[in-house]
Amino acid sequence: MRATWQGFLMTESVLNDLLRRVTESGLLEDAQIDEDSVIGSGHLDAAGVEVEVDLDPEIDEDEAPDLDAIMSNLKDVLSVGEERWRAIVEEISSDIEDALDDDELDADVDLRTDLEAIGVGVFADAIIVVFAGQTSFPDALVHVQLTPELEVEDIEIIGDDDEDDDDED
1 MRATWQGFLM TESVLNDLLR RVTESGLLED AQIDEDSVIG SGHLDAAGVE
51 VEVDLDPEID EDEAPDLDAI MSNLKDVLSV GEERWRAIVE EISSDIEDAL
101 DDDELDADVD LRTDLEAIGV GVFADAIIVV FAGQTSFPDA LVHVQLTPEL
151 EVEDIEIIGD DDEDDDDED
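At position 1 of the sequence shown the residue is numbered 1 (this note's numbering), and the sequence of numbers has no breaks.
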């Protein structure tokens, strides 16, 4: 019981510290603690959109989370330059187009303009940007994992049917 109580106090302390840092930075609006993360909304400058942001310190009782890295990653992704952002979107679009069969993607849709960032998950060692594609993926979201250096590391298309497969039996 004592370890659980200490874990709770550490979690609460870490989240309060992260919330204080985010609030002082002015990077997010309406920042608040939500379970094991700090959430809020931020402006992704290069894309010109407001995104939901989830800062996840991945609290582990053995190691203190790297809040400096989380804050640095948050600042870097929200303030990424337009040229770098276009390069990221280009790489995502090309990778998706290369991976999908011709009949899986409408030829009239340009992913470069259809994909819109709607969310950002920030960790000490990675950043996840969530894109919606109104036309290209109306029932799915594109999750893109970026390195702290804002290099594309992984792309995953997650559809509603991925979660509902068990319900259709």
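The beta carbon of each residue, even a glycine, is placed where N, CA and C say it ideally should be. The model shown is predicted, which means the values in this text are computed figures rather than measured ones.
Taking its Cβ as the centre, do 16 or more other Cβ atoms sit within 10 Å of residue i, making it buried, or is it exposed?
i, result
"Ala64", "exposed"
"Leu100", "exposed"
"Asn16", "exposed"
"Pro138", "exposed"
"Val49", "exposed"
"Ile39", "buried"
"Ile158", "exposed"
"Gly81", "exposed"
"Ser79", "exposed"
"Ser37", "buried"
"Ser25", "exposed"
"Ser93", "buried"
Bridge partners of residue i, per DSSP?
i, result
"Glu50", "His43"
"Val14", "Answer is none; Val14 lacks a bridge partner."
DSSP three-state call for residue i: helix, strand or coil?
i, result
"Asp56", "coil"
"Asp164", "With a pLDDT of 44 at Asp164, under the threshold of 50, the predicted position of this residue should be treated as unreliable, though the coordinate-derived value follows. In the structure shown, Asp164 sits in a helix (DSSP, three-state: H, G or I)."
Assuming residue i contacts residue j under a Cβ cut-off of 8 angstroms, what Cβ separation, rounded to an integer in Å, is found between them?
i, j, result
"Ala140", "Ile118", "About 12 angstroms; that fails the 8 angstroms criterion."
"Leu150", "Arg86", "Wrong, their Cβ atoms sit about 12 angstroms apart, outside the cutoff."
Practice item. Identify every run of the beta strand (DSSP E) within the segment 16-41, keeping only runs that are complete inside it and at least 3 residues long; order them along the chain. Key: Whole beta strand (DSSP E) segments, 3+ residues: 29-34.
Exercise for review: For the segment 71-124, list the beta strand (DSSP E) runs that are entirely contained and at least 3 residues long, ordered along the chain.
Suggested key: The qualifying runs are 115-122.
Review point. What are the uninterrupted segments assigned as beta strand (DSSP E) that are 3 or more residues long and contained completely in the segment 127-162, given in chain order?
Key: Taken in chain order, the whole beta strand (DSSP E) runs of length 3 or more contained in the segment 127-162 are 127-133, 137-146, 152-159.
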